[in-house]
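Undergrad: Residue numbers (our numbering), protein chains in the order written: chain L, 257 to 580; chain Y, 257 to 580; chain C, 350 to 696; chain F, 350 to 696.
We treat Cβ as the ideally placed atom computed from N, Cα and C, and that holds for glycine.
The structure's right below; bear with me while I get my questions together.
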Amino acid sequence: MPELTYIQAISDGLRQEMRRDQRVFLMGEDVGVYGGAFKVSLGFQEEFGPWRVIDTPLSETAIVGGATGAALMGMRPVAEMQFADFISCAWDHLVTVAAKQFFRGRTPVPIVVRLPSGGGFSGGPFHSQNPESSFAHIPGLKIVCPATPHDAKGLLASAIEDPNPVLYFEHKHLYRRIKGEVPEERYTVPFGQANVHREGEDAVVVTWGAMVHTATDAADELAKEGTEVEVLDLRTLIPWDREKVLESVRRTSKVLVLHEDTRTGGFGGEIAATIAEEAFEDLDAPVMRVAAPDTPVPFSPPLEKAFIPQAEDVLQALEELVAY
Amino acid sequence: MPELTYIQAISDGLRQEMRRDQRVFLMGEDVGVYGGAFKVSLGFQEEFGPWRVIDTPLSETAIVGGATGAALMGMRPVAEMQFADFISCAWDHLVTVAAKQFFRGRTPVPIVVRLPSGGGFSGGPFHSQNPESSFAHIPGLKIVCPATPHDAKGLLASAIEDPNPVLYFEHKHLYRRIKGEVPEERYTVPFGQANVHREGEDAVVVTWGAMVHTATDAADELAKEGTEVEVLDLRTLIPWDREKVLESVRRTSKVLVLHEDTRTGGFGGEIAATIAEEAFEDLDAPVMRVAAPDTPVPFSPPLEKAFIPQAEDVLQALEELVAY
Amino acid sequence: MAVREAEPVGSLQEVKEAGLDREDLLGMYRAMLITRGIEERGHILYKQGKIPGSFYTGRGNEAAAVGVGSAMGPNDVGTPLHRDMGVHITRGVDPWRIFAQYMGREGGPTRGRDGNVHMAMPELGLHPMVSHLPAMLPVATGMALAFKIRNEKRVALGWFGEGAAARGDAHEAMNMAGVRQLPIVFVCDNNQWAYSTPTYLSFPVEHIADRAAAYGFDGVVVDGTDVLAVYREAKRAIEKAREGGGPTLLECLTLRMEGHAVHDDAFYVPKEMFEQWAAQDPIERFRSWLRDHAELTDEEDDEIASSVKRTLNSALEQADESPLPDPAGLEAGVYAAPEDLDTPHHK
Amino acid sequence: MAVREAEPVGSLQEVKEAGLDREDLLGMYRAMLITRGIEERGHILYKQGKIPGSFYTGRGNEAAAVGVGSAMGPNDVGTPLHRDMGVHITRGVDPWRIFAQYMGREGGPTRGRDGNVHMAMPELGLHPMVSHLPAMLPVATGMALAFKIRNEKRVALGWFGEGAAARGDAHEAMNMAGVRQLPIVFVCDNNQWAYSTPTYLSFPVEHIADRAAAYGFDGVVVDGTDVLAVYREAKRAIEKAREGGGPTLLECLTLRMEGHAVHDDAFYVPKEMFEQWAAQDPIERFRSWLRDHAELTDEEDDEIASSVKRTLNSALEQADESPLPDPAGLEAGVYAAPEDLDTPHHK
Ligand SMILES: Cc1ncc(C[n+]2csc(CCOP(=O)(O)OP(=O)(O)O)c2C)c(N)n1
Ligand SMILES: Cc1ncc(C[n+]2csc(CCOP(=O)(O)OP(=O)(O)O)c2C)c(N)n1
Ligand SMILES: [Mg+2]
Ligand SMILES: [Mg+2]
């Protein structure tokens with residue numbers, strides 16, 4: 257099996273879907289000639305032509321609203337936001353139109369919005385955000401956050417296949433940092449199935465996206481002291497795999513919920529609250545959360561480092577948790 | 257002290273602030289001649305003139321963005337959304353500009369956005385929402401949800417005084433349904449101080465907005481069986497009164513978190529998670545949550561009734577909780 | 350002025366050239382009567398407490414809605430709004446479904462999930478509006494984009510009010526449609542008021558259609574009380590779009606003849622304005638035209654009127670038999686399953 | 350065409366009539382040199398790894414930025430963008446603050462909270478941009494609204510790119526400003542590319558300024574490489590706004606002479622386009638003009654150049670002495686306290 261970077265897996269996966277299904281097309285700013293800000297669609301316009309790889313004006317509302325309309329006409333649009341941060345400009349269209357259309361009118365809206373998200377390279381307050389929690393609160397949307405090249409490709413195929421609006425958060429800091437084996441043939445990774453990224457019995461970290469790797473680094477470090485921590489990668493937030501999370505909690509009795517986004521009102525609260533409600537009797541320690549502090553994402557390296565949860569932060573929290 | 261309805265309290269409070277401070281002005285759709293969709297500003301334009309009670313075009317972005325600009329120039333804008341639901345059209349301006357401006361540039365953005373929110377009268381998916389949870393996740397915004405006429409006036413004064421962007425959620429279903437004593441003179445209700453709306457020692461319901469009354473109805477019902485439940489009204493979500501919540505939880509050992517908005521990713525998760533983390537040892541039962549199911553707000557009365565938490569739902573949950 | 354102001358329609362000959370025979374004309378007339386009839390009855394139902402929530406009508410807009418709806422081709426699609434009941438009727442929605450919608454019954458197109466005119470039947474090429482105006486314009490643009498990508502000779506119609514034209518959605522949709530020369534017609538229901546807001550507080554130019562120039566396409570203003578002129582202009586715009594000529598902004602000028610919704614008595618609208626526009630009531634106007642040019646007789650007119658009445662009576666009955674929705678199905682309806690995609694209109 | 354295309358500036362006489370004396374002219378020249386100098390040095394710093402994140406320049410836009418900035422009155426305000434370093438310089442920002450900003454130091458206007466040109470000094474009447482383009486236009490409109498409410502003779506300037514003009518924010522801001530005749534000038538940096546997107550894929554009309562007609566105000570296109578023509582047109586528009594004449598859309602036509610940001614080699618821009626516009630480099634152009642019309646000598650020019658160099662050298666040094674921000678203060682800076690309102694510019 258070939259080793260691909262996370263971004264190659266996305267690119268290959270998208271190309272495969274577009275080859276497979278004429279209805280799939282890509283639209284966004286600079287996705288054509290330029291190949292997208294991160295070059296995910298490099299060469300696509302040559303292969304698929306300018307009407308399946310559409311360079312749009314700088315118009316997030318028209319992009320997402322337009323994708324919705326095209327989907328209603330039977331297409332399978334994939335819309336690219338140049339950075340996930342800019343999805344704020346299309347918030348209304350996702351929340352008001354796409355999320356509620358099927359409930360109201362029984363017409364599915366099979367769109368995928370690709371969202372290069374996350375920090376770690378001094379992108380500052382507007383090029384580093386992880387806005388998945390805000391959307392995870394909106395019934396009607398599905399939220400996907402792959403952590404590995406394998407999942408990036410398989411979840412993208414599932415997202416395109418899914419008859420609902422799917423927000424596909426691709427973490428920029430994983431783009432070229434993470435490599436892994438990715439089958440060449442098409443496959444799907446189903447939504448709502450968490451993945452045990454690292455095994456362990458002494459505690460579990462529930463997380464997703466880039467933090468899967470941060471958690472693993474911390475767990476590997478802790479393993480040197482003989483403590484084995486499971487890292488459970490949710491893969492998708494909506495739907496999220498309550499069963500597997502609760503099973504892990506019941507098994508390990510100690511849980512840390514970790515995310516890169518800010519703490520208050522983040523999706524970690526939902527997970528922690530669910531655990532507290534459903535596995536109360538099985539807990540040997542309070543459900544801990546590690547997340548970014550409640551500030552915009554700062555630009556300057558020492559500030560950004562303090563903002564984004566680091567392996568040391570997770571390690572420290574795990575030590576506390578295990579010692580509880 | 258005069259008895260006022262909730263909406264009169266808002267109206268009187270706003271008028272008082274505008275009389276007191278020349279810098280305060282109101283802008284929004286139909287707020288002038290018409291007095292606003294709910295008549296909060298009826299007669300204001302006569303008193304304050306068309307440049308302090310400004311009828312805007314149907315432009316939520318320009319309203320909220322404009323309020324931000326005016327605030328930066330030293331004004332104290334109060335922007336009215338015709339319904340809270342329409343704030344989705346200004347999401348970007350609140351999240352991207354207003355919320356982050358002080359952090360980045362050290363220039364405060366003292367704006368208030370008034371948001372007639374909530375359901376209970378067949379307003380359907382677009383005139384019934386409670387979008388406070390989405391915003392409560394955004395660092396830089398403050399979130400206010402008065403439940404009584406007294407608090408409506410006092411929190412509005414605090415909101416206008418506050419140097420930060422404040423989202424002021426006024427619950428439509430309380431407008432004319434709830435009456436209470438409201439001092440004529442100006443006063444403020446500070447942010448971040450929860451209010452014991454009803455006393456009780458056997459359990460506590462943590463809630464806000466219209467649900468304070470639903471919880472009280474349920475608690476009154478339960479009192480007939482000799483069980484006394486405290487109803488703790490948060491009043492403001494950001495900041496929220498962690499101390500008082502934790503104190504109540506420690507005292508009663510049993511807690512129900514209740515909100516009208518949908519469950520998954522709602523702010524109730526944050527509260528429940530915090531309790532589970534900070535008061536783990538004091539709990540005699542899992543933290544329960546009662547909230548709307550994860551659907552858009554349905555229009556038809558039987559559906560809406562099933563959607564919005566009713567006193568019976570709360571009662572049933574409390575009985576379970578108390579019996580745990 | 351950049352926009353073209355369309356002439357009124359005169360003779361039957363002219364109309365025939367536009368492709369309408371007498372039956373078509375009577376069909377349009379009937380659609381206008383049904384449209385108004387539904388809304389009048391809805392109003393009564395509302396006052397009787399049988400319609401929950403709020404209630405909106407398009408009184409004064411019947412010609413604009415029916416005129417545009419009639420000009421659409423069978424495979425064209427659109428996103429009509431709260432003043433455009435006539436579009437639904439013209440496209441063939443059975444009136445009982447609308448009453449069922451009003452009353453929150455299972456038989457309404459949204460099965461009680463949404464209310465009032467927030468509905469449409471996709472199998473007839475119409476897609477339901479959302480409250481947030483004019484959010485359906487970018488959606489309509491996307492529909493047109495799909496046709497362009499697939500090289501289909503279909504046209505999308507996106508409706509918007511002159512008030513909502515102030516919102517960014519209108520701009521992004523029109524700009525993108527202009528850049529890509531998409532097969533779309535933007536139909537502005539300019540009824541001169543946006544709730545209580547007069548046009549001069551909504552936009553600072555004479556016509557909304559003046560904006561078309563900013564997007565590189567044509568703007569046309571038509572008297573929205575003249576159903577035949579609306580039809581002619583809509584047809585032109587639609588066929589132009591179909592043939593690759595790009596978008597048109599078609600502004601139908603009317604007056605909103607009632608309050609914004611039932612609760613609003615429209616005190617802010619000058620009385621003379623109502624009087625002036627009442628004198629050109631679209632239905633009366635079309636009736637006289639039919640008498641003068643198409644030999645509509647009293648008997649025929651009466652017969653149409655009673656057939657409309659019968660239709661509405663039985664529609665009401667049928668709607669009333671439709672049950673209220675069962676809350677048990679609420680949560681299951683949020684996400685689509687793969688098989689939900691297998692619909693003819695969603696190809 | 351609806352918009353006015355401004356003439357180039359010719360003689361010193363003309364310039365004097367516009368209110369500029371020789372010292373002003375040399376000040377503008379110096380500001381352009383500093384602007385370019387900062388960005389050139391920034392580029393080097395970036396390549397040396399001393400600037401985190403990304404790095405943007407406004408090469409080619411120095412005349413447009415300095416021309417407009419110079420035309421602003423002392424109490425006017427504005428929201429310049431990532432190509433408008435010249436505005437900051439013209440308004441008096443000390444260059445070391447900008448280097449400190451680039452490098453994420455405590456001494457930058459955002460104290461390391463934000464990076465690159467996402468900064469401004471409110472005490473000089475400038476307010477920091479956000480990435481989301483053109484979100485600062487509604488904000489600038491609100492500033493103008495404040496002036497109108499308070500009856501102050503101040504003007505707000507809102508900058509935007511020709512690409513970002515496609516977004517709804519531009520529309521809502523201009524429409525509201527038009528409806529209320531606010532004292533604002535909308536300045537379009539039309540540098541012909543939005544990242545890799547050429548103008549014909551961003552908007553379907555000849556000039557962005559064509560849109561002004563849709564909002565009931567004037568549109569002007571000016572050659573953005575001619576600092577004096579820009580100054581003259583900006584001055585006119587600003588004074589018109591100040592006197593109650595309402596908004597103007599001023600489009601400054603330039604070419605973005607480098608990639609979108611450092612990582613972009615602009616392979617998609619035709620080589621001839623760069624060559625053509627390189628021939629009218631705004632700084633070279635102004636230098637020749639000063640030689641021809643204002644007796645700029647080689648000695649004087651050299652002296653200015655070395656003074657600019659000295660300024661930049663010491664600015665860099667000073668910036669480098671500024672510490673990195675302390676994470677301990679991060680969380681405290683999110684919400685303002687009442688006393689944060691007590692600033693002169695925030696009256
Ligand atoms: C984004 C948004 N803001 C506010 C409203 C509330 N609202 C409903 S209709 C209306 C007036 C619309 O005016 P116009 O576009 O002219 O349409 P009309 O109702 O006159 O047909 C308003 C303000 C809304 N529906 N959507
Ligand atoms: C809302 C939004 N979407 C996308 C981007 C990413 N982006 C940054 S600059 C740019 C191009 C802007 O073009 P233009 O407005 O012409 O300004 P220029 O950079 O050419 O000066 C894009 C797409 C953004 N900043 N904001
Ligand atoms: Mg209207
Ligand atoms: Mg540009």
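(1) Could you have a look at K398(Y) and say whether DSSP puts it in helix, strand or coil?
(2) Verify whether the separation of the beta carbon atoms of S373(Y) and H427(Y) is less than 7 Å.
(3) For the structure I just gave you, are there three or more beta carbon pairs, one from the segment 574-586 of chain F and one from the segment 403-415 of chain F, closer than 8 Å?
(4) Per the contact definition of three or more C-beta pairs closer than 8 Å, is the segment 419-427 of chain C in contact with the segment 495-512 of chain C?
(5) Comparing C-alpha positions only, which one of V296(L), P333(L), S297(L) and W307(L) sits nearest to V280(L)?
(6) What residues are listed by DSSP as bridge partners for V369(L)?
(7) May I have the straight-line CA-CA distance separating G292(L) from R636(F), to the nearest angstrom?
(8) So does A414(F) have its beta carbon nearer than 6 Å to some heavy atom of ligand 4?
(9) Looking at the structure shown, is F509(C) part of a helix, part of a strand, or coil, going by DSSP?
(10) What in chain L is Cβ-close to A562(C), meaning under 8 Å?
(11) Around the Cβ of M274(Y), are there at least 16 other Cβ atoms within 10 angstroms (buried) or fewer (exposed)?
(12) Can you tell which of E499(Y), F563(Y), S556(Y) and Y262(Y) has the C-alpha that lies nearest to the C-alpha of T404(Y)?
(13) Where do the ends of the alpha helix (DSSP H) carrying E462(L) lie?
(14) Kindly examine ligand 4 and report whether one of its heavy atoms sits closer than 6 Å to the Cβ of G510(F).
(15) When you compare the CB of A590(F) with every CB in chain C, is at least one pair closer than 7 Å?
(16) Can we count E388(F) as close to ligand 2, meaning its CB is less than 6 Å from some heavy atom?
(17) Tell me whether the beta-carbon of D463(F) lies closer than 7 Å to the beta-carbon of L486(F).
(18) I'd like to know if V536(C) contacts chain Y, where contact means its C-beta is closer than 7 Å to some C-beta of that chain.
(19) For H467(F), which residues in chain L fall below 9 Å Cβ to Cβ?
(20) Tell me the DSSP bridge mates of M544(L)?
(21) When we look at the beta-carbon of M257(Y) and count the other beta-carbons within 10 Å, is it buried (16 or more) or exposed?
(22) Along chain Y, which residues have their Cβ under 9 Å away from the Cβ of L690(F)?
(23) Per DSSP, D281(Y) is paired with what?
(24) With respect to 6 Å, is the separation between the Cβ of A543(F) and the closest non-hydrogen atom of ligand 4 below this value?
(25) So, using beta-carbon positions, are S504(Y) and L488(Y) closer together than 7 Å?
(26) Along the segment 382-399 of chain Y, where does the CB come closer than 8 Å to a CB of chain L? Name the residues.
(27) Kindly identify the DSSP beta-bridge partner or partners of K295(L).
(28) I want to see whether chain C comes within less than 7 Å of V353(L), judged by CB atoms only; does it?
(29) Confirm, please, whether the CB-CB distance from T490(C) to A522(C) is below 7 Å.
(30) For A471(L), collect the residues of the same chain with a Cβ closer than 7 Å to its Cβ; drop the 5 residues on either side in sequence, then sort them by chain order.
(31) Verify the contact flag: Q625(C), CB atom, against every heavy atom of ligand 1, threshold strictly below 6 Å.
(32) Against chain L, with Cβ distances strictly below 7 Å, would Y378(C) count as a contact?
(33) If contacts are defined as beta-carbon pairs under 8 Å, then A450(Y) and D497(Y) qualify, I think. What distance do you get, rounded to the angstrom?
(34) Does F616(C) pass the burial test, meaning 16 or more other C-beta atoms within 10 Å, or should it be called exposed?
(35) Residues bridged to W542(F) by DSSP?
(36) Measure the beta-carbon distance from K398(L) to F447(L) and round it to whole angstroms, keeping in mind my assumption that it falls under 8 Å.
TA: So, to answer that:
(1) strand
(2) yes
(3) yes
(4) yes
(5) P333(L)
(6) A335(L) and L423(L)
(7) Between G292(L) and R636(F), the alpha-carbon positions lie close to 39 Å from each other.
(8) At a threshold of 6 Å, A414(F) does not count as near ligand 4, since its beta carbon sits no closer than that to any of the ligand's heavy atoms.
(9) Three-state result, F509(C): strand.
(10) By Cβ distance, chain L contributes nothing, its closest Cβ being about 18 Å from A562(C), past 8 Å.
(11) Around the beta carbon of M274(Y), a 10 Å sphere encloses 16 or more other beta carbons of the protein chains shown; the residue is thus reported as buried.
(12) Y262(Y)
(13) Residue 462(L) is actually Val in this sequence, not Glu. Counted as a single uninterrupted DSSP element, the stretch harbouring V462(L) is not any alpha helix (DSSP H) but the beta strand (DSSP E) occupying residues A459 to T463.
(14) yes
(15) For A590(F), the answer is no, since every Cβ of chain C falls outside 7 Å of its Cβ.
(16) No, ligand 2 has no heavy atom inside 6 Å of this Cβ.
(17) no
(18) no
(19) G380, P381, F382 and F555
(20) L512(L)
(21) exposed
(22) G330, P364, P366 and P419
(23) First, the residue type needs correcting, since residue 281(Y) is Phe and not Asp in the sequence shown. The partner list for F281(Y) (beta bridge, DSSP) reads P333(Y).
(24) yes
(25) yes
(26) From the segment 382-399 of chain Y, only F382, S389, S390, A392, H393, I394, P395 and G396 have a Cβ closer than 8 Å to chain L.
(27) K295(L) pairs with nothing; no bridge assigned.
(28) yes
(29) yes
(30) V461, T463, V487, L514 and V570
(31) Incorrect: Q625(C) has no Cβ contact closer than 6 Å to ligand 1.
(32) Closer than 7 Å: no.
(33) 4 Å
(34) Residue burial annotation: F616(C) is exposed, with fewer than 16 other C-beta atoms found within 10 angstroms of its C-beta.
(35) P547(F)
(36) 6 Å
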